[in-house]
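The structure under discussion appears below in the form of structure tokens.
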Amino acid sequence: FNEEFERAKRFGLDLSFLMLDIDWFKKINDTYGHLVGDAVLREVARVIKENIREIDVAGRYGGEEFAVFLLETDKAGAIMVAERISSRISREVIKVFDESLTTTLSIGVASYPQNTLYPDVLIEVSDKALYKAKVSGKNRVCWF
256 FNEEFERAKR FGLDLSFLML DIDWFKKIND TYGHLVGDAV LREVARVIKE NIREIDVAGR
316 YGGEEFAVFL LETDKAGAIM VAERISSRIS REVIKVFDES LTTTLSIGVA SYPQNTLYPD
376 VLIEVSDKAL YKAKVSGKNR VCWF
């Protein structure tokens, strides 16, 4: 992450960071159990992977959160990627055992150099945008 951030600074490239949170994940775990919750995590990871490029980096950030680092992507491009992932996951029917369920995502977007010149602040801004998405009703993409 830091190496790519420095490369972007050196060559004047854009970078974007997405923070994604599965809406109502605790309720899914409490209602259907952890095996179903794990299946939801795998499905979200699959959808994210299918909707980013090979040069981008995605991973589980903790709990029900994922992070996506979009190389050479400005804020407008990052918002398009976030909207595509959000739309795709909301249309997925996740089937586990005898259960079929759907879920949604809240996503926060931050970009370099528009939001910050520092890597740790980029993550912080995306997390604040994610919080804005959650308190604004979930199932949305927010940015600053």
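Position one of the sequence shown corresponds to residue 256 (the working numbering), numbered consecutively onward. From the three backbone atoms N, C-alpha and C, an ideal C-beta is built for every residue, glycine too. Values in this document were obtained by computation on a predicted structure and should not be read as measured data.
Item to check | Inter-residue Cα distance where the pair is Y287 and I349 | outcome: 12 Å
Checklist entry - What does DSSP give as the partner residues of K350 in its beta bridges? => result S355
Item to check | E379: first and last residue of the uninterrupted beta strand (DSSP E) it sits in | outcome: Careful: E379 lies outside any beta strand (DSSP E), inside the alpha helix (DSSP H) at 374-390.
Next on the checklist: Which residue marks the beginning of the beta strand (DSSP E) containing D276, and which one marks its end?
Outcome noted: 270-277
Checklist entry - Does DSSP put R315 in a helix, a strand or coil? => result strand
Checklist entry - Can you give the Cα-Cα distance for K264 and F324, rounded to whole angstroms? => result 15 Å
Checklist entry - Can you name, in chain order, every residue of its own chain whose Cβ lies under 8 Å from the Cβ of K304, other than the five neighbours on each side? => result A313
Item to check | Cβ neighbour criterion (16 or more within 10 Å) applied to S355 | outcome: exposed
Checklist entry - V376: which of R339, M274, F352 sits nearest, CA to CA? => result M274
Checklist entry - Name the DSSP beta bridge partners of Y367, please? => result L270
Checklist entry - In the structure shown, what three-state DSSP assignment does E320 receive? => result strand
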